[in-house]
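This report concerns only the one structure given below.
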Amino acid sequence: MARSFRILAEKVGPVGMALVAVVSSVAVYSVGSFYMTLATMAFCFLIIGLIVRSKKQMHVLFMGLGIALDFGVVLTLEFSRSAINTVFTETMTVFQYGHVVFSTLAVLLYIPVGILGYRRFRGALRSARSLSLHRNLGVVAFLLRALGWILMFSLVD
Numbered sequence: 000m001a002r003s004f005r006i007l008a009e010k011v012g013p014v015g016m017a018l019v020a021v022v023s024s025v026a027v028y029s030v031g032s033f034y035m036t037l038a039t040m041a042f043c044f045l046i047i048g049l050i051v052r053s054k055k056q057m058h059v060l061f062m063g064l065g066i067a068l069d070f071g072v073v074l075t076l077e078f079s080r081s082a083i084n085t086v087f088t089e090t091m092t093v094f095q096y097g098h099v100v101f102s103t104l105a106v107l108l109y110i111p112v113g114i115l116g117y118r119r120f121r122g123a124l125r126s127a128r129s130l131s132l133h134r135n136l137g138v139v140a141f142l143l144r145a146l147g148w149i150l151m152f153s154l155v156d
C-alpha cells in the first residue's frame, strides 16, 4: 500500500499532493474550527512527507511545512486562547486530555527530529546511528501526532 502511495505521489507531483492537503483541510472545516483546518493541513503535509521520504528535497519541504504549521497552530492557540491555562482550569473529557497530551508530546519531539533532519540534509550528520535516531524519533512523533489529530475531533461541540 505504501508503494501505491509513492507511485501516486510521483504521478501527481508536489502541487497535486499539496492540493490534496488543502481539500482535506477544507472538508474538516465543515465539522470543526479554523484551527482544526490548519492542524489537518499540517497533518496532511506530514503524511505526504512520509510518503516521499525517498526524495530528500520533497521530504524536507513537506515535513518542514507540516512541522512549521503545527508549531504555528500551537503557538497561536496558546497566545490567543491561553490553551495551557484552559487545560488546567476547564473540565475536559479523557479524549480531550489525550489530544492535548499526545499533541504536546509530538510537538516537543519535532525539535530533536527537526534538528537531526536539518543536520542530515545539510550533510553534517552521515552516520547510520543519526539516521536511525532521526527515523525512530520521527516515527514516535508522527504516531503521537496521529493520535492527537484523531482525538482533536473530541473538541467538536
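When you line the sequence shown up against numbering that gives the first Met the number 0, it's residues 0 to 156, in that order. We treat Cβ as the ideally placed atom computed from N, Cα and C, and that holds for glycine.
Applying the criterion that 16 or more other CB atoms from any shown protein chain within 10 Å of the CB defines a buried residue, is residue i buried or exposed?
| i | result |
| --- | --- |
| L45 | buried |
| V27 | buried |
| V21 | exposed |
| D69 | buried |
| Y109 | buried |
| V25 | exposed |
| I6 | exposed |
| R144 | buried |
| V14 | exposed |
| A127 | exposed |
Quick check on DSSP: helix, strand or coil for residue i?
| i | result |
| --- | --- |
| K54 | coil |
| L124 | coil |
| D156 | coil |
| S129 | helix |
| G147 | helix |
| S29 | coil |
| S23 | helix |
Among the candidates the options, whose CA atom is the shortest distance from the CA of residue i?
| i | options | result |
| --- | --- | --- |
| G48 | A17, S129, F33, F87 | A17 |
| T92 | S23, G63, V11, V155 | V155 |
| Q56 | R121, A105, E89 | R121 |
| V73 | T90, L60, T39 | T39 |
| G12 | A41, I50, M151, A105 | I50 |
| R118 | V86, A41, V59, R52 | V59 |
Within its chain, find whatever has a CB closer than 7 angstroms to the CB of residue i; leave out the 5 residues flanking it on each side and keep chain order.
| i | result |
| --- | --- |
| L132 | L115 |
| F167 | For residue 167 there is no data in the structure shown, the boundaries of the chain being 0 and 156. |
Closer than 8 angstroms by C-beta to residue i: which residues in its own chain qualify, once you throw out the five before and the five after it? Chain order, please.
| i | result |
| --- | --- |
| L76 | Y34, A82 |
Can a CB atom of chain D be found closer than 9 angstroms to the CB of residue i?
| i | result |
| --- | --- |
| T75 | No chain D is part of this structure, which consists of one protein chain only. |
Contiguous beta strand (DSSP E) assignments of at least 3 residues, all confined to the segment 85-113: none
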